[in-house]
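In my numbering, the protein residues as written are 2 to 276.
Here the structure comes first, spelled out in structure tokens, and everything after it is commentary.
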């Protein structure tokens, strides 16, 4: 139905966990959290790339301390065969170095690599807690010439995702949009990782978002299949599915409908085994 990617957190032991549970023909997106830093993101990304996975490390603009640090990261990417990164502003309110926004970071990535590395950017169907909707739209318009795709924040609502893509298209943003979908993560896992992954403050928000979120928070395992099926009813809107696994790899895509090809292998191998 859709091509898929899995997002993982570069926690201790994750390389071994991924190698044991996830097929090599899988694209893995590696987060960059404030308490981990870009160094850990890149170490995990390089290790997984050397094992044969296609990896997309997240680079947080405000976490970079200097331009030579970025140059070193891009050299590591080149040496490991990493051909795509995901540029975000980052959770820090103050920039540690020269980059205050993802757009500024993207300009230098493009310049230093001669456009030889693809760059993904974030999208927000339900808004951003600290940035207004018009500002988010203006930022996407300004940097879409440097970007290869949009990956949305985690969202439980197919109509919101579809409406968001429609808004982007009406306003002139033509980048392919990958829907950020929660995997089949148990409530206890989500709550335990809430602070680490930045959703702890949004749990109350989720509890007001309807029956799907309420079931997730009440202890039932959320199944993404119905959400993905709803998205499939709008051909041409969604380019792929980006699963937020929270490292719960044996259940992240449980209940999802596999697509033909490598994505089907990923889903079939870890569905029903229980990121």
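The beta-carbon is built from N, C-alpha and C at its ideal position, and this holds for glycine as well.
Given the structure is predicted, the values throughout are model-derived calculations rather than measurements.
Contact defined as beta carbons within less than 8 Å: I believe residue i pairs with residue j. What is the distance between those atoms, to the nearest angstrom?
i           : j           : result
residue 78  : residue 118 : 7 Å
residue 129 : residue 182 : Between residue 182 and residue 129 the Cβ distance is about 19 Å, and since that is not below 8 Å, they are no contact.
residue 86  : residue 58  : 6 Å
Between the C-alpha atoms of residue i and residue j, what's the straight-line distance to the nearest angstrom?
i           : j           : result
residue 55  : residue 48  : 11 Å
residue 14  : residue 173 : 42 Å
residue 250 : residue 23  : 8 Å
residue 148 : residue 228 : 26 Å
residue 241 : residue 100 : 29 Å
residue 126 : residue 162 : 6 Å
residue 11  : residue 237 : 32 Å
residue 5   : residue 232 : 13 Å
residue 74  : residue 43  : 7 Å
residue 137 : residue 166 : 14 Å
residue 230 : residue 20  : 29 Å
residue 93  : residue 139 : 21 Å
residue 279 : residue 185 : The shown model of the chain, from 2 to 276, leaves out residue 279, and the question about it has no answer.
residue 29  : residue 135 : 31 Å
Going along the chain, which residues of its own chain have a beta-carbon closer than 8 Å to the beta-carbon of residue i, five neighbours each way excluded?
i           : result
residue 72  : 113
residue 156 : 126, 127, 162, 180, 181 and 182
residue 151 : 121, 122, 123, 124, 141, 169, 174, 176, 177, 178 and 179
Take residue i and list the residues in its own chain whose beta-carbon comes closer than 6 Å to its own, dropping the five residues that flank it on each side.
i           : result
residue 144 : 104 and 107
residue 61  : 33, 89 and 91
residue 160 : none
residue 154 : 125 and 181
residue 53  : 25
residue 111 : 147
residue 46  : 31, 56 and 58
Mapping the DSSP letters down to three states, classify residue i as helix, strand or coil.
i           : result
residue 58  : strand
residue 146 : helix
residue 85  : strand
residue 123 : strand
residue 171 : helix
residue 15  : helix
residue 105 : helix
residue 28  : strand
residue 242 : strand
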